[in-house]
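Down below is the structure, laid out as structure tokens.
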Amino acid sequence: MDPQMQQDLLKLFRSKLDRNMRLYLETCTRCGVCTEACHVYASLGQTRYLAAYRHELVRRIYKKYFKTRGKWWPSLGEAKELSAGALDELKEAAYSCTGCRRCMVYCPFGIDTQMILSIAKLLLIGAHTEPEILTMLADMSVAKGESLELFKESYKTGMKNLEAEVLKKWKSEAGRTAIPIDVPGADLLYVALAGAHSIVPAAAVFNAAKENWTQSFFEAVNFGAFVGDPLKTKLIMDRIVNEAKRLQVKEICICECGTAFRIMKQWAAKQPFKVSSITEVQARYLREGRIQLDHKTINGPVTYHDPCQIARNGGVIDEPRAILRQLANDFREMAPEPQYNWFCGGGGGLVALGEENLDFRMKSSRVKADQIKATGAKVLVTACENCHSQLNHLNDHYKLGVEVKFLSSLVADALVP
Ligand code: SF4
Ligand code: SF4
Numbered sequence: 000m001d002p003q004m005q006q007d008l009l010k011l012f013r014s015k016l017d018r019n020m021r022l023y024l025e026t027c028t029r030c031g032v033c034t035e036a037c038h039v040y041a042s043l044g045q046t047r048y049l050a051a052y053r054h055e056l057v058r059r060i061y062k063k064y065f066k067t068r069g070k071w072w073p074s075l076g077e078a079k080e081l082s083a084g085a086l087d088e089l090k091e092a093a094y095s096c097t098g099c100r101r102c103m104v105y106c107p108f109g110i111d112t113q114m115i116l117s118i119a120k121l122l123l124i125g126a127h128t129e130p131e132i133l134t135m136l137a138d139m140s141v142a143k144g145e146s147l148e149l150f151k152e153s154y155k156t157g158m159k160n161l162e163a164e165v166l167k168k169w170k171s172e173a174g175r176t177a178i179p180i181d182v183p184g185a186d187l188l189y190v191a192l193a194g195a196h197s198i199v200p201a202a203a204v205f206n207a208a209k210e211n212w213t214q215s216f217f218e219a220v221n222f223g224a225f226v227g228d229p230l231k232t233k234l235i236m237d238r239i240v241n242e243a244k245r246l247q248v249k250e251i252c253i254c255e256c257g258t259a260f261r262i263m264k265q266w267a268a269k270q271p272f273k274v275s276s277i278t279e280v281q282a283r284y285l286r287e288g289r290i291q292l293d294h295k296t297i298n299g300p301v302t303y304h305d306p307c308q309i310a311r312n313g314g315v316i317d318e319p320r321a322i323l324r325q326l327a328n329d330f331r332e333m334a335p336e337p338q339y340n341w342f343c344g345g346g347g348g349l350v351a352l353g354e355e356n357l358d359f360r361m362k363s364s365r366v367k368a369d370q371i372k373a374t375g376a377k378v379l380v381t382a383c384e385n386c387h388s389q390l391n392h393l394n395d396h397y398k399l400g401v402e403v404k405f406l407s408s409l410v411a412d413a414l415v416p
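The opening residue of the sequence shown carries number 0 in numbering that gives the first Met the number 0; numbering runs sequentially from there.
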């Protein structure tokens, strides 16, 4: 590798070395407790997919350049040169890790593999060897944020065209604005994904609950986070934060997108508004009696897939169950329980990589398919776009015979006028 490039990459490496990161890099005892934790390893049985093996690749470079023993006695310190070959290994490790953090709940020291692999992603971005499509999508998203004025009117027209569908689900109050946009002083700012499926059911439920809400101009998805670029992640997130401040809302509600919810919740922790997932908001409406649902509208066995970024990493576990208990007459939990739930295998940008990694996604998620099959469910519900796509692919690939549904759309369909 060109020495200048190496220096530049090491500078990026150093920028990630805060106290927590150093602790993660220096604590692993190779106890092996996390061996079976990663769905990729559990499904494929290849050593390179062990959580500890993945972060060892980063740790060896850390030892070589940031620890005295590794600098002077590399073989003793198991240190490794930062080379083109090392980057190839990092790429395989980083972009096959979905950031589900299942390994973290097994590790007695709580070592965060995803966090360690964020170093690998930063180095790959620095060397321009990250998956090109993810950077392209992140750039498009940033550019859209920069030219908001250009697309405002067409966005409003698009929303107007969806109003009839919202009124049909809401079953009420024709003539009122069904999808309010850009309303200063609204209590809640809803941030959706592109597509009517992310907007119509949510709007129907907000209206039924008589929420003082407004729709965001921006999409929730954050491709900056998928590719692992902290600068782009922040740029994409800031535009929503700024919109929330400008409108002076009290709450940002993130649609069914796990990564968008987790990063917004972490990032906006010190902002003057709270961040909720759509599932939390809908469960709250039910609790407070602001919406009524037609009970037991789903017949037959139903199970729920906990999106990692919403449940294990976001703490939203009871709310979807409270909703489903009203809607289903035969709700079946997956085993193991939500905190240890197998990841779907599609997050961390893997679904966005498209056909190119479909085969890997299917094979590396065999344990998830087995977990679903064991419930005997005919309806599989989830609350994340990535999970929904991946579960549909798993359904086809493993012939699971389930119907995959979004939770928010089941809620909207069961609204009692
Ligand atoms: S975060 Fe998830 S995908 Fe990544 S190594 Fe850990 S268990 Fe595997
Ligand atoms: S469980 Fe923790 S300490 Fe043990 S090998 Fe895995 S990451 Fe290292």
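Idealized CB from N, CA, C, for every residue including glycine.
Keep in mind that this is a model prediction, so the values were computed, not measured.
Under 8 Å between C-beta atoms of residue i and residue j
| i | j | result |
| --- | --- | --- |
| residue 256 | residue 96 | no |
| residue 252 | residue 188 | yes |
| residue 320 | residue 375 | no |
| residue 354 | residue 315 | no |
| residue 304 | residue 390 | yes |
| residue 228 | residue 124 | yes |
| residue 86 | residue 128 | yes |
| residue 146 | residue 365 | no |
| residue 254 | residue 351 | no |
| residue 3 | residue 81 | no |
| residue 281 | residue 407 | yes |
| residue 126 | residue 8 | yes |
| residue 346 | residue 385 | yes |
| residue 193 | residue 218 | yes |
| residue 20 | residue 114 | yes |
Best match in the options for proximity to residue i [C-alpha to C-alpha]
| i | options | result |
| --- | --- | --- |
| residue 199 | 178, 211, 213 | 178 |
| residue 329 | 305, 316, 356, 298 | 298 |
| residue 12 | 59, 260, 181, 154 | 59 |
| residue 57 | 49, 48, 43, 79 | 79 |
| residue 336 | 302, 158, 351, 357 | 302 |
| residue 100 | 149, 36, 151, 52 | 36 |
| residue 54 | 116, 246, 236 | 116 |
| residue 44 | 409, 362, 357, 239 | 362 |
| residue 380 | 369, 409, 400 | 409 |
| residue 15 | 121, 196, 48 | 121 |
| residue 133 | 406, 242, 232 | 232 |
| residue 396 | 385, 411, 368, 61 | 368 |
| residue 411 | 219, 344, 207 | 207 |
| residue 30 | 356, 102, 130, 405 | 102 |
| residue 416 | 20, 209, 218 | 209 |
| residue 77 | 156, 63, 67, 22 | 63 |
| residue 17 | 249, 118, 194 | 118 |
| residue 158 | 242, 1, 214, 357 | 214 |
| residue 180 | 156, 167, 195, 166 | 156 |
| residue 405 | 326, 356, 84 | 326 |
| residue 131 | 349, 403, 296, 148 | 349 |
| residue 413 | 167, 92, 176, 67 | 167 |
| residue 250 | 28, 224, 184, 296 | 184 |
Integer Cβ distance of residue i from residue j, believed to fall under 8 Å
| i | j | result |
| --- | --- | --- |
| residue 392 | residue 360 | 7 Å |
| residue 300 | residue 377 | 6 Å |
| residue 212 | residue 186 | 7 Å |
| residue 267 | residue 226 | Wrong, their Cβ atoms sit about 21 Å apart, outside the cutoff. |
| residue 440 | residue 144 | Given that the chain is displayed from residue 0 to residue 416, the structure contains no residue 440 and the question cannot be resolved. |
| residue 39 | residue 52 | Incorrect: roughly 11 Å between the Cβ atoms, too far for contact. |
| residue 24 | residue 61 | 5 Å |
| residue 246 | residue 182 | 7 Å |
| residue 105 | residue 33 | 5 Å |
| residue 222 | residue 154 | No, residue 222 and residue 154 are not in contact; Cβ-Cβ is about 19 Å, not under 8 Å. |
Taking one C-beta from the region 284 to 292 and one from the region 267 to 275 each time, how about it: are there three or more such pairs within less than 8 Å? No: the two stretches stay apart, fewer than three of their Cβ pairs being nearer than 8 Å.
Segment contact flag, the region 332 to 352 with the region 286 to 301, C-beta cutoff 8 Å, min 3 pairs: When Cβ pairs closer than 8 Å are counted between the two stretches, the region 332 to 352 is seen not to touch the region 286 to 301, the count staying below three.
At least three beta-carbon pairs within less than 8 Å, the region 107 to 116 to the region 132 to 144: The region 107 to 116 is not in contact with the region 132 to 144.
Taking three-plus beta-carbon pairs below 8 Å as touching, is the region 198 to 212 in contact with the region 156 to 168? When C-beta atoms of the region 198 to 212 are compared with those of the region 156 to 168, three or more pairs fall below 8 Å, so the two segments count as touching.
Meets three-Cβ-pair contact criterion under 8 Å: the region 301 to 311 and the region 257 to 269: With a cut-off of 8 Å, the region 257 to 269 and the region 301 to 311 count as touching, because enough Cβ pairs lie within range.
What are the start and end residues of each continuous alpha helix (DSSP H) run of 4 or more residues lying completely inside the region 79 to 126, in chain order? As far as the region 79 to 126 is concerned, its whole alpha helix (DSSP H) runs of at least 4 residues are 83 to 93, 101 to 105, 112 to 125.
Run through the region 178 to 240 for me and flag every whole beta strand (DSSP E) of 3 or more residues, listed as ranges in chain order. Assignment of beta strand (DSSP E) within the region 178 to 240, counting only whole runs of 3 or more residues, yields 187 to 191, 212 to 218 in chain order.
Length at least 3, wholly inside the region 305 to 370: the beta strand (DSSP E) runs in chain order: List check, beta strand (DSSP E) in window: 327 to 331.
At what residue ranges does the region 5 to 39 contain a whole run of the alpha helix (DSSP H), taking only runs of 4 or more? Complete alpha helix (DSSP H) runs here, min 4: 18 to 26.
Enumerate, from N- to C-terminal direction, the unbroken beta strand (DSSP E) stretches of 3 or more residues contained entirely within the region 376 to 415. Counting only runs of 3 or more, we get 378 to 381, 402 to 405.
Restricting to runs no shorter than 4 residues, where is the alpha helix (DSSP H) found entirely within the region 129 to 156? Within the region 129 to 156, the complete alpha helix (DSSP H) runs of at least 4 residues are 131 to 145.
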